[in-house]
Each structure stands twice: as C-alpha cells, then as structure tokens.
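Everything in the sequence shown is counted per the working numbering, starting at 10 for the first residue and increasing by one. Even for Gly, the Cβ is constructed at its ideal location relative to N, Cα and C. Nothing here was measured: the structure is a model prediction, and the numbers come from that model. Note sheet for the following structure.
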Amino acid sequence: AGLPPEWGLYASVMPILFYVIWGTSTQIAVGPVAPTSIMVASAVELIAQGVGYADEETDEAYAEKYETIAMSLSFVCGIMLIIFGLIRAGFITVFLSDPVMIGFIM
C-alpha cells in the first residue's frame, strides 16, 4: 500500500489478537492481503493527488501526509465495520452469489 514494511507486520498481528477475543468463526483468514493493499494504495494516491500532495513526491512531508491519509482511511473503515456490526448488517451477504463468496474466501 506504499507504506513501510513494519506497518504490514503490525497489521498482521493486531487483527488476529482482536479476532481471538471477539471472533465468532473458527475458520477465517484475517490480516493484510494483496488486494486490500492495492485498494488502499490506489485510494490514498487518488486522495493525495486530489488535495495536491502528489507534487511533493520526493519530500518527506509527502510520506507523512501519505501515512496520515492511510491511517485516516483505515480508521474510517474500522468505524464503518463497527457500525455495520452493531446494526447486524451481515444479512447483506445473503444477496451475494455462492461463487463470489467461495472465490473471496479461497
């Protein structure tokens, strides 16, 4: 996602610890994966270009702004997931076809 490798290590440990406490399924893969990293990188880059940070590509300030945008995106996604969990929005997966769900899980 354009972030330092240490961030990936932190992102791979913390979800597992949280899922051990609050998880409900015994068979699930939790952690950073390539498609998620690609989506985060493209979204953060798009936001950085939209607010004019892409012009400072070699500057240290750009890296700091990039990390700030990535953390903000992660925080907002986490809040949305908590809200969806509280309103029991898991029923939405009933509308997804079986091949889509199997392809995503495998």
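Exercise. Determine, using beta carbons only, whether Y75 and G17 come nearer to each other than 8 Å.
Key: Your numbering for residue 75 matches position 66 in the sequence shown. Your numbering for residue 17 matches position 8 in the sequence shown. Going by C-beta atoms, Y75 is not nearer than 8 Å to G17.
Practice problem: Mind the definition here: the segment 79–92 touches the segment 47–59 only if three or more C-beta pairs lie below 8 Å; say whether that holds. | Solution: Flag = yes, the segment 79–92 and the segment 47–59 touch.
Practice problem: Can you tell me which of the three DSSP states V49 falls into? | Solution: In the sequence shown, residue 49 corresponds to position 40, counting from 1. Reduced to three states, the DSSP call for V49 is helix.
Quiz item: With C-beta atoms as the reference, is I56 less than 8 Å away from V39?
Solution: As a first step, residue 56 must be located in the sequence shown, where it is residue number 47. As a first step, residue 39 must be located in the sequence shown, where it is residue number 30. Using a Cβ distance threshold of 8 Å, I56 and V39 do not count as a contacting pair.
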